[in-house]
Amino acid sequence: MKKIINEPADVVVEALRGLGLAHADLLRVGFDPEVVVRVDAPRPGKVAVVSGGGSGHEPLHGGFVGRGMLDAACPGAVFTSPTPDQIQAAVSQVDGGAGVLLLVKNYTGDILNFETAAELLAAEGVDVRTVVIDDDVAVQDSLYTAGRRGVGGTVLVEKIVGAAAEEGAGLDVCERLARVVVANTRSMGMALTAPTVPHVGDPSFTLGADEMEVGIGIHGEPGRRREPLADATGIVAGLLDPILSDLPFTVEDRILLFTNSMGGTPLLELYLAHGIAEEALARKGIRVERKLVGPYVTSLEMQGMSLTLLRLDDELVRLWDAPVHTPALRWGA
Amino acid sequence: MKKIINEPADVVVEALRGLGLAHADLLRVGFDPEVVVRVDAPRPGKVAVVSGGGSGHEPLHGGFVGRGMLDAACPGAVFTSPTPDQIQAAVSQVDGGAGVLLLVKNYTGDILNFETAAELLAAEGVDVRTVVIDDDVAVQDSLYTAGRRGVGGTVLVEKIVGAAAEEGAGLDVCERLARVVVANTRSMGMALTAPTVPHVGDPSFTLGADEMEVGIGIHGEPGRRREPLADATGIVAGLLDPILSDLPFTVEDRILLFTNSMGGTPLLELYLAHGIAEEALARKGIRVERKLVGPYVTSLEMQGMSLTLLRLDDELVRLWDAPVHTPALRWGA
Amino acid sequence: MPCDAKSVAAAVLSAADTITAHRDELVRLDQAVGDGDHGENLNRGFGFVRAALEKSIPDTPGAVLKLVATTLIAKVGGAAGPLYGTAFLRAATALGDASELTADLLVAALRAALSGVVARGKAEPGDKTMVDALTPAADATGTTIADILTAAAAAAQAGADSTVPLVARKGRASYLGERSAGHLDPGARSTALLLNAFAKAANT
Amino acid sequence: MPCDAKSVAAAVLSAADTITAHRDELVRLDQAVGDGDHGENLNRGFGFVRAALEKSIPDTPGAVLKLVATTLIAKVGGAAGPLYGTAFLRAATALGDASELTADLLVAALRAALSGVVARGKAEPGDKTMVDALTPAADATGTTIADILTAAAAAAQAGADSTVPLVARKGRASYLGERSAGHLDPGARSTALLLNAFAKAANT
Ligand SMILES: Nc1ncnc2c1ncn2[C@@H]1O[C@H](COP(=O)(O)OP(=O)(O)O)[C@@H](O)[C@H]1O
Ligand SMILES: Nc1ncnc2c1ncn2[C@@H]1O[C@H](COP(=O)(O)OP(=O)(O)O)[C@@H](O)[C@H]1O
Ligand SMILES: [Mg+2]
Ligand SMILES: [Mg+2]
Ligand SMILES: [Mg+2]
Ligand SMILES: [Mg+2]
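Residue numbers (this note's numbering), protein chains in the order written: chain A, 255 to 587; chain B, 255 to 587; chain C, 2 to 205; chain D, 2 to 205.
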């Protein structure tokens, strides 16, 4: 395993220390349990927006803590959901009395841990709501699966709901908005290589030189199917088509197109893929009104990409454009 | 070779198309020859700041075109300096009559091509100056080498000079400032893996599972020496020590610390390394007043990192903090 | 030999050792159908359990299991943390404040553990989860603690083995669809390992 | 046989074919001590040269070389683009507007090419660059064009071979320090390849 780390068991704590030092103006990092909270929290009267999940997806979630986005993030071990005490600790540090919205990616572990935390918080009298993010069209949403995973769309939910909370929207509005964004967001990803989890020491799966995993998640889980390596045009079509037909997105829809690197794919390739996706959407008469391109929801050093489409309306555009100031996303502030 | 590309020969052009689509509000991309220029160029009376170099280092340089940074970038083929006609075309599109400053990384190819362009531009009556960036302490600067390479420090030069030009500083001031930043910037990098150039098809060098390259550049050139893989603390010390002793940086210096990913190293590891570097500097009594952490000067998917230190004064801090709005660096605007 | 808090703590410690010994196996199993953290997570959790029990042992068997439960919930994360946490918590509740574990209490505790896992995770037998190991284990009967645990461990391992051909319908493995068939479920395996460690402790 | 613009163009086209045939070899050589683009860059450049010459052939040998020069400068980039561009530009200047190439003009052109490369790149013999191939080539003498080019090509290849043990002092290979020894310089090799192609064309 080739990584810039010390002891595998210390990776998350040491990375959090670096995050805290690098962005001391925006956030503070707590240990035992690990939490990342806005430097100016709690903000009285503001709905607190809290998320979290396994580490290894950086900048998600800690890199989105700050003005106009998350009030706190709970980083679990690498690819492992956080524990209830982390979530409780985070909430207690950011609860401004206007209620707390938990944004949870749909994985059994995340659901169970956030659920436990939410029960305990409710018992303490905190008005806490949970919205589950499940944007991954690669997974069939049926009684016979754990349901769709939360992947790239998470950034969009966090940004838009964070903006509403920052403007002073109440808990009901924030919750409704989160559900609207989730309902209008669809993603799909693929990988060319596997990530290596520090405490495991070797790649999560093995791919032949001419293979790719399609319908991959962000935890080194193998994807839905293995396919012969395609060129960029083929890869983009293979992601875009199932997304488009799922919602479905239709002609004249206004959308936000988010082209995400899984971590190891260089920007050169990502922009190339983004261009192909934008052109393909334009040909279908779908209007790409906002774009986000970069490594925002990653899977360690995995090479690969995902596409996320969000159907926009005026309110969502306004909230997307609203000021945000976090380590990884910043504009207007 | 596993990459999200179509024909290797088309990678740069297709990636530029995506860049242009993704950031149409900031820049426009020209083809034949390839240039990336600010959308509002030329700005009459403003010194034009132009840079460029081989592709494969994204976001450098095209991702730094925009308000408060570059007026234009000239992207060459992957790892190949641009040609004079690209540079001439870029300059002609952004020259606002107040002179043009070319920021050139010190590589024979870049020097020769920018030199040719500068001669031709001067012959046309453009007031054009060139500042060469050579911050890589891994290379001995002597008669017997091509001199030090331009690496991570390039971002800092582009940001600070770009800020001055944006405020209306004249060509002399911009040129002087670029030289001051270059003189006060030192970098060093290392790699865990090699990048694969699309038109080559296999990795630029081969490293054993327990080896790393130290003193690496950003073009897949092998480094100065191959060493046994060290842990993060050892890696950071191995980069920091030669940087510190070179300028030298001394107790009570105020610095900007730039922890750069070579592309394939995930943010989790990068923040971990950044934390170690900041703590090491704090122990030495060197004050880290500004920080930049991320993949800004990359070498395709190469795993590895570099550290860059810039000795600050009040003017440099002010210019660093000045508004910037580019695809890859944005604040205050 | 009466089975007091100390005996239960000793059994838990030997279960912790088993998890350490099988950490890598569980990582490999989870790599095949999940995200490769099951062995690491349980090992981390039981490491904290070990540290806590080495410092001081609670007064009753129920209190020991409650300590295991709260530690796993606080330290493991993922799916297994809350699921095993709930299992131990329900088992602890079933034991009440009895100062010694009896065969009857053990049967009740196993059943409570199963119903806790099902209540939390909503998995049914055949979904390719730890429920496939725990369900037959909770049916184990016998006159002594050792007998019951021996039967439960054997049933759990048989249940775990039965997950191999299954297509997962819960947890992370369900994302794989048909590709999950042909692999042993890591959580079912760790359930069998834990019960086997308890059985061994009871038999010595 | 008189050596007019058409003959020179034919020689350049066969040099372009040689570069294509040796593209991968030059990439490998450059991978070892540089950034792996030398073969690709020259091949791209000569590809544009080929396309231009296939469209129309300029009137004089000098004009043909000038077209080669401007195309390489505009399309190659890197170190080799301006260096070879300058070499062809100076050679073109040496030929003036003569309608045919002569042995004397050829000798003058080779020397002009060398002095152009040295003026631009400031490398000395022994720095492990194309100068190590071009310097002995520019000393070639003979009574016919074919003789001179044959001698130049042989000298260039010997010069290229001599770069193997050298430690680079110019170009990207110099970053390697001592590690650059033991490798053939890609630019010296491409110089030998080009001259060899010209010699072959002159001998047919
Ligand atoms: N809904 C569920 N009900 C019961 N057990 C489950 C459920 N989901 C997952 N599991 C068990 O959890 C195990 C995975 O645990 P672990 O790897 O620690 O968590 P994660 O999947 O979050 O990485 C699976 O092998 C399975 O036995
Ligand atoms: N200063 C110089 N003078 C003469 N030749 C040089 C000089 N620097 C580099 N070269 C030649 O250029 C070759 C490399 O060309 P190429 O790979 O195309 O450019 P780059 O180094 O920019 O990638 C070297 O092998 C060497 O022969
Ligand atoms: Mg997990
Ligand atoms: Mg090059
Ligand atoms: Mg797991
Ligand atoms: Mg080269």
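Every residue gets a Cβ at the ideal spot worked out from N, C-alpha and C, and that includes glycine.
I want to check one thing, is the minimum distance from the CB of residue i to the heavy atoms of ligand 1 below 8 angstroms?
i	result
F49 (chain D)	no
P502 (chain B)	no
K123 (chain C)	yes
In chain C, which residues lie with their C-beta within 9 angstroms of the C-beta of residue i?
i	result
R478 (chain A)	Y176, L177, G178 and R180
P336 (chain A)	G78
Tell me whether residue i, by its Cβ, gets closer than 8 angstroms to a heavy atom of ligand 3.
i	result
H473 (chain A)	yes
R537 (chain B)	no
N42 (chain C)	yes
Is residue i close to ligand 5? I mean its beta-carbon at under 8 angstroms from any heavy atom of the ligand.
i	result
N367 (chain A)	no
T21 (chain D)	no
P262 (chain A)	no
Does the Cβ-Cβ distance between residue i and residue j come in under 9 angstroms?
i	j	result
A344 (chain A)	A331 (chain A)	no
P329 (chain A)	V289 (chain A)	yes
G46 (chain D)	Y85 (chain D)	yes
A134 (chain D)	G363 (chain B)	no
E467 (chain A)	P482 (chain A)	no
V385 (chain A)	L357 (chain A)	yes
R383 (chain A)	L425 (chain A)	yes
A269 (chain A)	S309 (chain A)	yes
S605 (chain B)	G37 (chain D)	In the structure as shown, chain B begins at 255 and stops at 587. Residue 605 (chain B) is therefore absent and cannot be evaluated.
P549 (chain A)	G517 (chain A)	yes
A392 (chain B)	M556 (chain B)	no
Examine ligand 2 and report whether any of its heavy atoms sits within less than 8 angstroms of the Cβ of residue i.
i	result
F89 (chain D)	no
Please go through the same chain and pick out, in chain order, the residues whose beta-carbon is closer than 7 angstroms to the beta-carbon of residue i, but skip the five residues on each side of it.
i	result
R297 (chain A)	G350
P476 (chain A)	F459 and E467
Taking residue i as the query, report the chain A residues whose CB atoms sit under 9 angstroms from its CB, ordered along the chain.
i	result
D485 (chain B)	I258, I259, N260 and E261
M323 (chain B)	Within chain A, no residue comes near M323 (chain B); the closest Cβ sits about 15 angstroms away, beyond 9 angstroms.
K300 (chain B)	What K300 (chain B) touches in chain A: nothing, since even the nearest Cβ is about 23 angstroms away.
Taking only three categories from DSSP, how would you classify residue i?
i	result
L425 (chain A)	helix
I540 (chain B)	coil
V165 (chain C)	coil
E101 (chain D)	strand
K201 (chain D)	helix
E465 (chain B)	strand
T19 (chain D)	helix
E533 (chain A)	helix
Enumerate in chain order the residues of its own chain whose CB-to-CB distance from residue i is below 6 angstroms, with the five nearest sequence positions on each side excluded.
i	result
C428 (chain B)	V301, L355, V415, A418 and A419
V265 (chain A)	I259 and P452
P502 (chain A)	none
A139 (chain C)	L111, R112 and L115
List the residues of chain C that residue i touches, going by C-beta distances under 8 angstroms, in chain order.
i	result
R440 (chain A)	Going along chain C, no residue has its Cβ under 8 angstroms from R440 (chain A), so there is no contact; the nearest lies around 16 angstroms.
F333 (chain A)	D36, G37 and D38
Please list, in chain order, the chain D residues whose beta carbon lies closer than 8 angstroms to that of residue i.
i	result
R403 (chain B)	Y176
Note down, in chain order, every chain D residue with its Cβ under 7 angstroms from the Cβ of residue i.
i	result
D339 (chain B)	A75
Going by beta carbon distance, what residues of the same chain come within less than 8 angstroms of residue i, once the five residues before and after it are set aside?
i	result
N197 (chain D)	T19, A154, A157 and Q158
A147 (chain C)	A200, A203 and N204
A221 (chain D)	Limits of chain D in this structure are 2 at one end and 205 at the other, which puts residue 221 (chain D) out of reach.
Using a threshold of 8 angstroms, is the CB atom of residue i nearer than that to any non-hydrogen atom of ligand 6?
i	result
T334 (chain B)	yes
What in chain B is Cβ-close to residue i, meaning under 8 angstroms?
i	result
K129 (chain D)	Going along chain B, no residue has its Cβ under 8 angstroms from K129 (chain D), so there is no contact; the nearest lies around 11 angstroms.
May I ask whether a heavy atom of ligand 4 can be found less than 8 angstroms away from the beta carbon of residue i?
i	result
R173 (chain D)	yes
Output, in chain order, the set of chain B residues within a Cβ distance shorter than 9 angstroms of residue i.
i	result
Q158 (chain D)	The premise fails here: Q158 (chain D) is roughly 23 angstroms from chain B at the closest Cβ pair, so nothing lies under 9 angstroms.
Could you work out which residues of chain A lie near residue i, taking near to mean beta carbons separated by less than 7 angstroms?
i	result
G518 (chain B)	G518 and E555
Along chain A, in chain order, which residues have C-beta atoms closer than 8 angstroms to that of residue i?
i	result
W574 (chain B)	Neighbours of W574 (chain B) on chain A: none; closest Cβ ~14 angstroms, over 8 angstroms.
P126 (chain C)	Result: empty, since nearest Cβ-Cβ is about 14 angstroms, beyond 8 angstroms.
S309 (chain B)	L522
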